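> Numbering (our numbering), first residue to last: 323 to 614.
A virtual CB, placed ideally from N, CA and C, is assigned to each residue, including glycine.
Nothing here was measured: the structure is a model prediction, and the numbers come from that model.
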Ligand SMILES: NC(=O)c1ccc[n+]([C@@H]2O[C@H](COP(=O)([O-])OP(=O)(O)OC[C@H]3O[C@@H](n4cnc5c(N)ncnc54)[C@H](OP(=O)(O)O)[C@@H]3O)[C@@H](O)[C@H]2O)c1
């Protein structure tokens, strides 16, 4: 047990569970969430303080974890009015676990450094279920010293913590994962539909794609049952996969790198969002391929 005081901002699907793990480890002193009711609910359930602003959370913490949707959310919570920056004490550490644009993360890390604290980007591979099992992988970008401090906290919610490189590199590593994941789930949706058109039983489709295929994976085990049952309750929201593929496309364009698979996948997730599927699990991209 350590006496590091950790505050967490962002009680979404992932943040809630990460906060719970850190509270169980005795590290969490308080939480902040934009929708305050959620912070109050967490506070009542787990007996830590609910802070009204990120600034107050930062003032009370040695380490501040942010687990938020996107660039705008992280900018608001860290650099907005009453944001983390305005309460940050020198020598603090910000661990941003959100998947955001590397350029935004590097810019915020530089600002935090100029105020005498440090930030690491620490995006996550793994779903909410993996957080509950403390089995997530965290890819960290930042200095050696900041990585070592971050690891001391993250060990209570992650199985594998990798120091990838300087600021931004955790995110670059995460982006190649999600470029693959986004394309792969579209491919799974395509062959689930093809299998049905061939007249294969659902149980055969399930067995081939999750047990027998040389291309089976933890993702096929998670997503094929959802596609076959039509249960799109959210593990990873479709809007977040679209957001990640948008970042991938921007970063690849800047460098002139062709990414035909991830570009096509992005278009399909965009269509899915226009169909009103943003809040469903990203496996719901299958609905784009269903004959109306
Ligand atoms: N879910 C997964 O399996 C998974 C896996 C790996 C990585 N990730 C990444 O982890 C991050 C969080 O994912 P999640 O699934 O936990 O998301 P989520 O359930 O949608 O939660 C998002 C959180 O961000 C807050 N937020 C959104 N916009 C905001 C804004 N403008 N200002 C302040 N706060 C804002 C939300 O507050 P409110 O409660 O007020 O809306 C909520 O606390 C994302 O970057 C995602 O890509 C997710």
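First and last residue of the beta strand (DSSP E) that includes residue 329?
Looking at the DSSP string, the run of the beta strand (DSSP E) that includes residue 329 is 328-331.
> So, are the CB atoms of residue 611 and residue 511 less than 8 Å apart?
Going by C-beta atoms, residue 611 is nearer than 8 Å to residue 511.
> Taking the alpha helix (DSSP H) that residue 370 belongs to, which residues open and close that run?
Taken as a continuous stretch (DSSP letters only), residue 370 belongs to no alpha helix (DSSP H), as it is neither H nor E.
> Tell me which same chain residues have a C-beta within less than 7 Å of the C-beta of residue 594, skipping the five on either side of it?
Once the five neighbours on either side are set aside, the close Cβ partners of residue 594 are 560, 606, 607, 609 and 610.
> From residue 405 to residue 365, what does the alpha carbon distance come to, in whole angstroms?
Each residue's alpha carbon lies about 20 Å from the other.
> According to the neighbour-count rule (16 or more other Cβ atoms, all chains shown, within 10 Å of its Cβ), is residue 440 buried or exposed?
It is buried - the Cβ of residue 440 has at least 16 other Cβ atoms within 10 Å.
> Under 7 Å Cβ to Cβ from residue 339, same chain only, skipping five residues before and after it: list those, please.
Closer than 7 Å at Cβ, skipping near neighbours: 450, 453 and 454.
> Along the alpha helix (DSSP H) that carries residue 566, what are the first and last residues, could you check?
Residues 560-577.
> Within this structure, are the beta carbons of residue 479 and residue 503 separated by less than 8 Å?
No, the Cβ-Cβ distance between residue 479 and residue 503 is not below 8 Å.
> Would residue 565 be called buried (16 or more neighbouring beta carbons within 10 Å of its own) or exposed?
That one is buried.
> For residue 329 versus residue 361, is the C-beta distance shorter than 8 Å?
Contact: no.
> Do residue 462 and residue 482 have their C-beta atoms closer together than 8 Å?
No, Cβ-Cβ distance for residue 462 and residue 482 is not below 8 Å.
> Leaving out the 5 sequence neighbours to the left and right, which residues in its chain are closer than 7 Å to residue 345 when beta-carbon positions are compared?
Excluding positions up to five away in sequence, the list reads 368 and 370.
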